[in-house]
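**Q** Just dropping this structure here.
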Amino acid sequence: IDPQEELETVRATGASAINLSGKRLTHLPPEIAGCAHVTSVDLRRNQLVELPDGIGELVNCAKLMLSENAVRELPGALQRMSSLTLLDVCDNPIKSLEAGVLPKSVSHLFMDRCGLESIGCGVFTQLPELRELHLKSNLITSLPGDLCTLKFLDLLDVSDNRLAELPQGMETLTALKELDVAECQLTQIPVTLGRLAQTLRRVRISPGNTGLPADLLDISKQPTGAVMAYLQTADGRLPFNDDILSMSAAVTRVGKNQILVWTQEFLGLAADDPGADDAHPAHTRLLSSDKWVLSLQERLGVPQKFAGRMFQVMHWTQPQQPGVLLHQYICALCIFTRGSPEERAKFLFRMLDPGGGVLSRDKVESMLKDLIPDDLVRHWASELDPLFDNQQELRFVDFSKYVCECVFGSDAGSPTPKGTTRDAAAYKWVWGWISSLFPYLPVSINSIQPWFRDPGRLDADQMEKRLLDLRGKGTVARASAQG
């Protein structure tokens, strides 16, 4: 069919699509300007060298497919195609892409295998709706910084290019789900990409001098989770898939007998909880936050608000299934009675951040108000102030180092008792152990000196008595003191 006849037919019948693919066309007939009603134009596999100015009259066209032609430059007339969402110009010898050419409505741009060498500044600023950007197998050496302004971008493929680095600010692409930078010349992967762990589901990176361990870069396995966890850790954040509730070594420190006691207590609480599933102990859920809070207050002596936060973090681990499972309850008790400072730091971090890897300033201050006396909040808030970045966020590595000094009673800045070096070491060790075991125990390093009968030797009876005096006659305090 003659191209002019095809266009006349489309105009006369009101057809919504123009299909002139594979016609060996070297130019487009001017009659195309009269087809403003069409929504799709297919010009693939032709020999077109340029596009006429009349192409801009297709104001209702949503798809323009131009792959496998000989077009050397995209005309400014495209900017008048105000409904264009998909533009495919793959396999055309287009050396550069400049601002002021594409309409802001474009959401899917395909420019693979074009020999593209450069992208001008401002191009992406003018494409606020861009969701997919395909630039595979080109000659691009750098990407403009305004790429990072694309808040809806969910796929970026720049594989097989000459890129030596990625632009600063990639972590602001918060909608990004797929990133392909394989077969480039990258010398470093920004660790800040780890901040996209909640959205980024597929990453391709080639082995090389990227700064990533070689065992993470087996592209055939597409180890997105491992790569993201590594980047988050390198960025000082807590990896989003680090499940402290199931990995805690504190469980083994507590022992089977105590866990059996806690299991019976949990099942007793859940038995009176309306809607709880008691088909099997492992599936039993405690749905009432009130019961949870009361139980935690009794077992750990923690403030009510803090126990409430612990209940919330259990929801975050399985948001589709509300309530607290038996193993989660047990792990929480294990972590906060026999957990290491690092384990409890991770648990606290999860209470405030369900997966982003950083904490906002207001969440940190809110936590401090719940956990420490009011007169200390201002002091620790000022201590933490220099640790927040420009986005007023605090990374896990800094959170663990500084916040836990306040929450878990680190001995930093504590007075050293007078006496021999051996005495001081013994006092400090016991004080550190007690403050780690009971983070809310009102005990200082000086107050434990009466627990020592002789220099450097611990009097167990004195320690048990003091523990019971400080904590009341709870079974956890008594068992731990005897242990």
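669 is the number of the first residue of the sequence shown in our numbering; add one for each residue after it. Using N, Cα and C, we set each Cβ at its ideal position, and we do this for glycine too.
(1) Looking at C-alpha atoms only, which residue of L847, A730, S751 and G724 is the closest neighbour of L742?
(2) S708 by DSSP, collapsed to three states: which one?
(3) When DSSP builds the beta bridges, which residues end up paired with I787?
(4) For F1067, which of helix, strand or coil comes out of DSSP?
(5) What did DSSP end up calling I686 once you bin it into helix, strand or coil?
(6) Within the stretch 767–850, note down every full beta strand (DSSP E) run reaching 3 residues or more, in order along the chain.
(7) Taking the C-alpha atoms as reference points, what is the distance between L675 and C703?
(8) Given S1112, which residues of its chain have a CB within under 6 angstroms of its CB, disregarding the five upstream and five downstream residues?
(9) Specify the secondary structure class of E1061 as computed by DSSP and reduced to three states.
(10) Throw me the rounded Cβ distance for the R692 and Q715 pair, which I believe falls under 8 angstroms.
(11) Is T793 closer than 8 angstroms to R814 when the C-beta atoms are compared?
(12) Tell me the rounded alpha-carbon separation between G837 and L765.
(13) Using the rule of at least 16 other Cβ atoms within 10 Å of the residue's Cβ for burial, across every protein chain shown, is G923 buried or exposed?
(14) Can you name the residues that DSSP bridges to K731?
(15) Is the CB-CB distance between K731 and L754 below 8 angstroms?
(16) Going along the chain, which residues of its own chain have a beta-carbon closer than 6 angstroms to the beta-carbon of I930, five neighbours each way excluded?
(17) Ordered along the chain, which non-local residues of its own chain (more than five positions away) have a Cβ less than 6 angstroms from that of L801?
(18) Note down the Cα distance separating L784 from R1012, rounded to an integer number of angstroms.
(19) If we count the other Cβ atoms within 10 Å of its Cβ and call it buried at 16 or more, is T1088 buried or exposed?
(20) In this structure, what does DSSP give as the bridge partners for S1028?
(21) Got a sec? Which residues, its chain only, sit under 8 angstroms from G690 by beta carbon, not counting five neighbours each side?
(22) Leaving out five residues on either side along the sequence, give the residues of the same chain with a beta carbon under 8 angstroms from the beta carbon of R740.
(23) Can you tell me whether R863 is buried or exposed, with buried defined as 16 or more other CB within 10 angstroms of its CB?
(24) Could you give the distance in angstroms between the alpha-carbon of P812 and the alpha-carbon of V919?
(25) Would you report the Cα separation of S684 and V678, rounded to the nearest angstrom?
(26) Have a look at the DSSP bridge pairing and note the partners of V992.
(27) Assuming V871 is part of the alpha helix (DSSP H), what are its boundary residues?
(28) Which value, in whole angstroms, describes the spacing of the CA atoms of E1061 and A843?
(29) Would you identify the three-state DSSP class for I1194, choosing helix, strand or coil?
(30) With the cut-off set at 8 angstroms, would you say V992 and L935 are in Cβ contact?
(31) With distances taken from CA atoms, which of C758, R781 and P796 is nearest A767?
(32) Using a Cβ-Cβ cut-off of 6 angstroms (strictly less than) and excluding sequence neighbours within five positions of P1110, which residues of its own chain qualify?
(33) Checking 8 angstroms against the spacing of the C-beta atoms, do C789 and S827 come in under that value?
(34) Could you spell out where the alpha helix (DSSP H) holding P858 opens and where it closes?
(35) Take S1028 and list the residues in its own chain whose beta-carbon comes closer than 7 angstroms to its own, dropping the five residues that flank it on each side.
(36) Against chain B, does L824 count as a neighbour if the rule is that its beta carbon must be under 8 angstroms from one of theirs?
**A** According to the structure shown:
(1) G724
(2) strand
(3) L765
(4) helix
(5) strand
(6) 776–778, 800–802, 823–825 and 846–848
(7) 7 angstroms
(8) With a pLDDT of only 47 at S1112, under 50, the local geometry of the prediction cannot be trusted, and no value is derived from it.
(9) strand
(10) 6 angstroms
(11) Here residue 814 is Asp; the residue named in the question, Arg, does not match the sequence. Yes. Within cutoff.
(12) 22 angstroms
(13) exposed
(14) S708 and L754
(15) yes
(16) At residue 930 the sequence reads Trp, which differs from the Ile that was named. So the list reads I998 and L1001, once near-sequence residues are dropped.
(17) L777 and L824
(18) 51 angstroms
(19) Caution is warranted here: a pLDDT of 36 is assigned to T1088, below 50, making its placement in the model unreliable, and the coordinate value is therefore given only provisionally. By the 10 Å Cβ count, T1088 comes out exposed.
(20) E1061
(21) R712, R713 and N714
(22) V717, E718, N760, P761, I762 and K763
(23) buried
(24) 50 angstroms
(25) 8 angstroms
(26) L954
(27) Not the alpha helix (DSSP H): V871 falls in the beta strand (DSSP E), residues R870 to R872.
(28) 19 angstroms
(29) Limits of the chain in this structure are 669 at one end and 1151 at the other, which puts residue 1194 out of reach.
(30) no
(31) P796
(32) With a pLDDT of 45 at P1110, under the threshold of 50, the modelled position of this residue cannot be trusted; read the value that follows with caution. Around P1110: no qualifying Cβ.
(33) no
(34) It is not in any alpha helix (DSSP H) - P858 carries neither H nor E in the DSSP assignment.
(35) Q1060 and E1061
(36) Going by chain labels, chain B is absent from the structure shown, which holds only one protein chain.
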